[in-house]
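K.L.:
Here it is, the structure, as structure tokens.
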Amino acid sequence: MSDTPDPLSAIPSNSLLGASFTPDEPDKATAAPNPSGEETVPIPAEIPQIVRATWEIDSQTPPLEKRQDGRLFTIHKLSEVVEMVKEHVEPAELEQMRQVATENPTALAALPFALPDEDADFLSQLGRLVWTDDIQGVAVLYETDAMLTAEEMQNAPEDPAEREKYVKDLTAKREKSRFVVAATRTEAWSVVHPHFESNPEQMEQGPALVMDLLQLITRGRGASPEEN
4 MSDTPDPLSA
14 IPSNSLLGAS
24 FTPDEPDKAT
34 AAPNPSGEET
44 VPIPAEIPQI
54 VRATWEIDSQ
64 TPPLEKRQDG
74 RLFTIHKLSE
84 VVEMVKEHVE
94 PAELEQMRQV
104 ATENPTALAA
114 LPFALPDEDA
124 DFLSQLGRLV
134 WTDDIQGVAV
144 LYETDAMLTA
154 EEMQNAPEDP
164 AEREKYVKDL
174 TAKREKSRFV
184 VAATRTEAWS
194 VVHPHFESNP
204 EQMEQGPALV
214 MDLLQLITRG
224 RGASPEEN
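Count along the sequence shown from 1, add 3, and you get the number used in our numbering.
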């Protein structure tokens, strides 16, 4: 990324581009029966590192205070993060990180990335990010109460003023949804909590549930600042 600030700086304190997410449909032919009726999330025997990184960001980031706000992260190899944070963490924690990195050389870790202007629109700044060779990937966590379904988007008026009023009326008092999208140069993963306030445990996940956010954080991948 260009003009990269200290990645160890504190996490800095809008509708989702009028977009919607499409959850992956389970394979009903092969899905295991669930007599209890409880929602289950399949966990593969070997969880890809991009999935682990996405889960970690989601679980370790508390709910944001604003109704529409986000956080940005850079993704690094854990072995590189150990060197970056060795002056900032306790020796016991550092040794644990070193051990994990030694046992799993492909392990990834996410670090908070402070955007240039914390008061500017969060989403508008994502499109200006440029990846550099010293990062493995980028992740974004976004919460919004202005989420629209695909059907609601189709019914929106074409006139900009009417469309704005339509969205405002439709999303009034609507609860927040949370979106976590992470991508490296070869893979991506996303987690969506459609009812983050009333049912934060409910989630959908897959490689590309929120294409708008995925495209925003990957458009600067492999490009130079002059090309963006």
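Ideal Cβ placement from N, Cα and C applies to all residues, glycine included. Owing to the predicted nature of the structure, the values given are computational and were not obtained by experimental measurement.
How would you write the range of the alpha helix (DSSP H) that Q52 sits in, first residue to last?
P.N.:
Run containing Q52: Q52 to Q63, per the alpha helix (DSSP H) assignment.
K.L.:
Would L81 pass as a contact of M100 if the rule is Cβ separation under 8 Å?
P.N.:
Against a cut-off of 8 Å, the Cβ pair of M100 and L81 comes out as a contact.
K.L.:
Can you list, in chain order, the residues of its chain whose CB lies under 8 Å from that of F76, leaving out five sequence neighbours each side?
P.N.:
Around F76: I60, A113, L114, P115, F116, V141, A142, V143, L144 and A185.
K.L.:
To test your reading of the DSSP string, which unbroken beta strand (DSSP E) runs of 3 or more residues are found completely within the region 182-226?
P.N.:
Entirely contained in the region 182-226, the beta strand (DSSP E) runs reaching 3 residues are, in chain order, 191-196 and 207-209.
K.L.:
Quick check on this structure: which residue in E146, V170 and A164 has the alpha carbon closest to the alpha carbon of Q157?
P.N.:
For Q157, the nearest C-alpha among the options comes from V170.
K.L.:
List in chain order: all unbroken beta strand (DSSP E) runs of 3+ residues lying wholly within the region 102-147.
P.N.:
Correct list: 111-116 and 140-147.
K.L.:
Using the three-state DSSP reduction, which class does L19 fall into: helix, strand or coil?
P.N.:
Low confidence applies here, because L19 scores a pLDDT of 33, under 50, leaving its location unreliable; read the following figure in that light. Residue state, collapsed to three classes: coil.
K.L.:
Taking the alpha carbon of Q63 as the point to measure from, which residue in S127, V183 and L126 has its own alpha carbon closest?
P.N.:
Looking at the Cα atoms, V183 is the closest of the given residues.
K.L.:
Assuming T234 is part of the beta strand (DSSP E), what are its boundary residues?
P.N.:
Residue coverage of the chain in this structure runs from 4 to 231, which leaves residue 234 outside it and unanswerable.
K.L.:
Excluding the 5 residues preceding and the 5 following R70 in the sequence, name in chain order all residues of the same chain whose CB lies nearer than 6 Å to its CB.
P.N.:
Same-chain partners within the cutoff: D148.
K.L.:
May I ask which residues mark the beginning and end of the alpha helix (DSSP H) holding V170?
P.N.:
Run containing V170: P163 to T174, per the alpha helix (DSSP H) assignment.
K.L.:
At what residues does the alpha helix (DSSP H) containing M156 begin and finish?
P.N.:
Residues A153 to Q157.
K.L.:
Could you tell me which of D137, S127 and E178 sits nearest to L216, measuring between CA atoms?
P.N.:
Per the Cα distances, S127.
K.L.:
Could you tell me how far apart the beta carbons of S193 and A211 are, in whole angstroms, since I believe they sit closer than 8 Å?
P.N.:
Right, the Cβ-Cβ distance comes to about 7 Å (below 8 Å), so this counts as a contact.
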